[in-house]
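Q:
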Amino acid sequence: MSVRWSFKANQWEPSRSQLLQISSIIQPEEKARIARFHFINDAKSSLIGRLLIRKLVTLKTGTPNDVIKLARDEHNKPILISPKLNELLENAEKNEAEINHAQEEEGENKDNQDSSCNSLAIKNLNFNVSHQGKFVVLVSEPSAVQVGIDVMNVEKPGRITDSVDDYFRLMNRQFTETEWEQIKTVDRSIPHYFHNKAKLTNFTRFWCLKESYVKAVGVGIVIDLRSIDFTTKSELGGDLVTDTTIKVNGVPSPEWKFEERFLDDLHIVTVAKCYGSPSESENGGDPSCVPEFENVTLDFLVEGMATLGDEDQDWVDEFLKKK
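When we follow my numbering, the leftmost residue of the sequence shown carries the number 2, and every step to the right adds one.
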């Protein structure tokens with residue numbers, strides 16, 4: 002029931018026919034928000050993020066797309082306001098009881114029933130999205146009580162003209178002293194001319210950890226980021242890393258687990274998960290329990306999605322004017 006999806010937005014050149022279809026399966030307020038973006042890449046990423054959420058809710062709850070209504074909370078975090086999960090849960094539990102009863106009478110194995118849309122998936126439905134660089138990503142983790150995700154390009158932002166050291170000075174208040182030590186520590190075997198690249202990769206890693214955590218708790222970058230202090234234990238390379246730990250206001254928080262990995266050579270993605278019990282937390286840190294990211298296509302996202310209204314020609318025209 003865990004979901005890790007990625008979409009390569011940089012490879013999608015939206016056609017008029019695709020946008021017309023999409024315009025009929027998202028809410029008017031979603032279209033209005035997307036229309037406010039000046040640049041095409043921002044608009045594409047925001048649009049794909051909405052489609053990812055809608056597809057997830059449809060698959061995990063069995064709810065038709067035209068019943069789904071999304072909104073944003075006071076911290077601008079996407080939330081589901083319709084359908085009501087308690088109503089869906091009642092129906093799912095009733096259906097499962099009927100299925101189990103029928104299987105018991107026929108001597109079938111309960112484990113054979115479809116688990117993609119059941120009471121656990123509905124009761125613990127959560128999701129979070131992020132986009133940066135070429136990727137839009139989504140995570141859903143029913144076993145966790147809170148979940149957040151962040152993806153980031155390891156290269157220095159093009160708008161930043163400062164040297165790496167000057168850039169770090171600008172960001173000095175975002176990390177603790179121990180975090181800065183880890184960011185600036187470079188393997189001595191790395192050639193000197195690669196040191197700045199290694200430091201930027203370390204910086205990106207810690208930024209993704211911070212961002213995924215604050216997105217999971219739902220507050221955004223409005224807290225003192227030095228109140229959360231990460232300690233990395235493993236190098237981030239080709240394999241999934243799950244042993245990074247966190248202290249919040251100086252107190253170890255073992256209920257939090259983190260997934261760190263590269264999506265490609267230039268993008269780090271981090272998932273933050275908070276569990277309700279020590280046993281659940283232990284399982285959440287087991288790499289064997291963590292699914293791989295699945296690269297999804299636009300066809301997958303729009304297939305079978307019920308329309309909310311007519312195709313919006315004017316919205317599509319404005320979208321295609323973006324640069």
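The beta carbon of each residue, even a glycine, is placed where N, CA and C say it ideally should be.
Determine whether the beta carbon atoms of Leu89 and Thr62 lie at a separation below 7 Å.
A: Numbered from its first residue, the sequence shown carries residue 89 at position 88. Numbered from its first residue, the sequence shown carries residue 62 at position 61. Yes; because the gap between Cβ atoms is below 7 Å, this pair is in contact.
Q: Kindly indicate which three-state DSSP category Gly239 falls into: helix, strand or coil?
A: The count along the sequence shown starts at 1 and reaches residue 239 at position 238. Looking at Gly239 - three-state DSSP - the assignment turns out to be coil, as it is neither helix nor strand.
Q: How many Å lie between Trp316 and Lys32 at the Cα?
A: Here residue 316 corresponds to residue number 315 of the sequence shown, with the count starting at 1. Here residue 32 corresponds to residue number 31 of the sequence shown, with the count starting at 1. Rounded to whole angstroms, Trp316 to Lys32 spans 8 Å at the Cα level.
Q: So what's Trp316 in DSSP terms, helix, strand or just coil?
A: On the sequence shown, residue 316 is found 315 positions in, with the first residue counted as 1. Reduced to three states, the DSSP call for Trp316 is helix.
Q: With 16 as the cutoff for other CB atoms within 10 Å, does Gln314 come out buried or exposed?
A: Reading the sequence shown from its first residue, position 313 is the one you call residue 314. So Gln314 ends up on the exposed side.
Q: Is the stretch 186–195 touching the stretch 220–231, taking contact as three or more C-beta pairs under 8 Å?
A: These segments do not touch.
Q: Could you tell me if Glu180 is buried or exposed, where buried requires 16 or more neighbouring beta carbons within 10 angstroms of its beta carbon?
A: Counting from one through the sequence shown, the residue named residue 180 turns up at place 179. Its Cβ being crowded by 16 or more others within 10 Å, Glu180 is buried.
Q: Run through the DSSP bridge pairs and tell me what Glu260 is partnered with.
A: Here residue 260 refers to the residue found at position 259 of the sequence shown. Answer is Val272, bridged to Glu260.
Q: I believe Ile69 touches Arg51 by the beta-carbon criterion, under 8 Å. Please report the beta-carbon distance rounded to the nearest angstrom.
A: As a first step, residue 69 is located in the sequence shown; it is residue number 68 there, counting from the start. As a first step, residue 51 is located in the sequence shown; it is residue number 50 there, counting from the start. About 10 Å separates the two Cβ atoms, so there is no contact after all.
Q: Using only CA atoms, which one of Ile23, Val272, Glu304 and Asp266 lies nearest to Glu260?
A: Sequence index remark: in the sequence shown, residue 260 carries index 259 (1-based). Nearest option by C-alpha distance: Val272.
Q: So, Leu237 versus Asp67, is the Cβ gap smaller than 7 Å?
A: Numbered from its first residue, the sequence shown carries residue 237 at position 236. Numbered from its first residue, the sequence shown carries residue 67 at position 66. Going by C-beta atoms, Leu237 is not nearer than 7 Å to Asp67.
Q: Would you tell me roughly how many angstroms separate the C-alpha atoms of Thr298 and Ala44, rounded to the nearest one?
A: For the purposes of this step, residue 298 is taken as the residue at position 297 of the sequence shown. For the purposes of this step, residue 44 is taken as the residue at position 43 of the sequence shown. Whole-angstrom Cα-Cα distance: 17 Å.
Q: Since Gln175 sits in a beta bridge, which residues does DSSP pair it with?
A: Counted from its first residue, the sequence shown places residue 175 at position 174. According to DSSP, which records beta bridges pairwise, Gln175 is partnered with nothing at all.
Q: Could you tell me if Ser235 is buried or exposed, where buried requires 16 or more neighbouring beta carbons within 10 angstroms of its beta carbon?
A: By 1-based counting over the sequence shown, the position of residue 235 is 234. Exposed, by the Cβ-count rule.
Q: What is the DSSP secondary structure of Asp188, reduced to helix, strand or coil?
A: Mapped onto the sequence shown, residue 188 falls at position 187. Coil, per DSSP.
Q: Excluding sequence positions up to five away, which residues of its chain have a Cβ less than 6 Å from the Cβ of Leu48?
A: Here residue 48 corresponds to residue number 47 of the sequence shown, with the count starting at 1. Same-chain partners within the cutoff: Ile35.
Q: Kindly confirm or deny that the stretch 250–260 and the stretch 120–138 touch, where touching means at least three C-beta pairs closer than 8 Å.
A: Judged by Cβ distances under 8 Å, the stretch 250–260 makes no contact with the stretch 120–138, as fewer than three pairs qualify.
Q: Measuring CB to CB, does Ile184 end up less than 7 Å from Asn203?
A: Along the sequence shown, read from residue 1 onward, the residue named residue 184 stands at position 183. Along the sequence shown, read from residue 1 onward, the residue named residue 203 stands at position 202. Yes, they are a contact pair.
Q: For the putative contact between Leu139 and Leu57, defined by C-beta atoms under 8 Å, what is the C-beta separation to the nearest angstrom?
A: Position 138 of the sequence shown, counting from 1, holds the residue named residue 139. Position 56 of the sequence shown, counting from 1, holds the residue named residue 57. Rounded, the Cβ-Cβ distance is 6 Å, consistent with contact.
Q: Assign Thr205 to one of two classes, buried (16 or more other C-beta atoms within 10 Å of its C-beta) or exposed (fewer than that).
A: Looking up residue 205 in the sequence shown gives position 204. Burial call: buried.
Q: Could you give the residue range of the beta strand (DSSP E) that holds Ile224?
A: Position 223 of the sequence shown holds residue 224. Careful: Ile224 lies outside any beta strand (DSSP E) and carries neither H nor E.
Q: Please classify Ser116 as buried or exposed, where buried requires at least 16 neighbouring CB atoms within 10 angstroms.
A: Your numbering for residue 116 matches position 115 in the sequence shown. Because the pLDDT at Ser116 is just 47, under 50, the model does not fix this residue reliably, and the point stays unresolved.
Q: Based on Cα-Cα distance, which residue from Val223, Lys323 and Cys275 lies nearest to Glu75?
A: By one-based count along the sequence shown, residue 75 stands at place 74. Among Val223, Lys323 and Cys275, the Cα nearest to that of Glu75 belongs to Val223.
Q: Going by DSSP, what residues sit across from Ser83 in a beta bridge?
A: The residue given as residue 83 occupies position 82 in the sequence shown. According to DSSP, Ser83 bridges with Lys70.
Q: Just to confirm the assignment, what range does the beta strand (DSSP E) spanning Asn250 have?
A: What you label residue 250 is simply residue 249 of the sequence shown in a count that begins at 1. Run containing Asn250: none; DSSP gives neither H nor E here.
Q: Rounded to whole angstroms, what's the CA-CA distance from Glu182 to Asp311? Just pull it up for me.
A: Within the sequence shown, numbered from 1, the residue matching residue 182 stands at position 181. Within the sequence shown, numbered from 1, the residue matching residue 311 stands at position 310. The straight-line gap from Cα to Cα measures roughly 56 Å.
Q: Does DSSP classify Phe195 as helix, strand or coil?
A: Within the sequence shown, residue 195 is the residue found at index 194, counting from 1. Helix, per DSSP.
Q: Out of Ser280, Ala199 and Ser282, point me to the one whose CA is closest to Leu267's CA.
A: In the sequence shown, the residue the question calls residue 267 occupies position 266. Leu267 has its Cα closest to that of Ala199, out of Ser280, Ala199 and Ser282.
Q: Between the alpha carbons of Thr246 and Ile191, how many angstroms are there, rounded?
A: Reading the sequence shown from its first residue, position 245 is the one you call residue 246. Reading the sequence shown from its first residue, position 190 is the one you call residue 191. One C-alpha to the other measures close to 26 Å.
Q: On the DSSP letters alone, give me the boundaries of the alpha helix (DSSP H) that Gly134 sits inside.
A: Along the sequence shown, read from residue 1 onward, the residue named residue 134 stands at position 133. No alpha helix (DSSP H) contains Gly134, which DSSP labels as neither H nor E.
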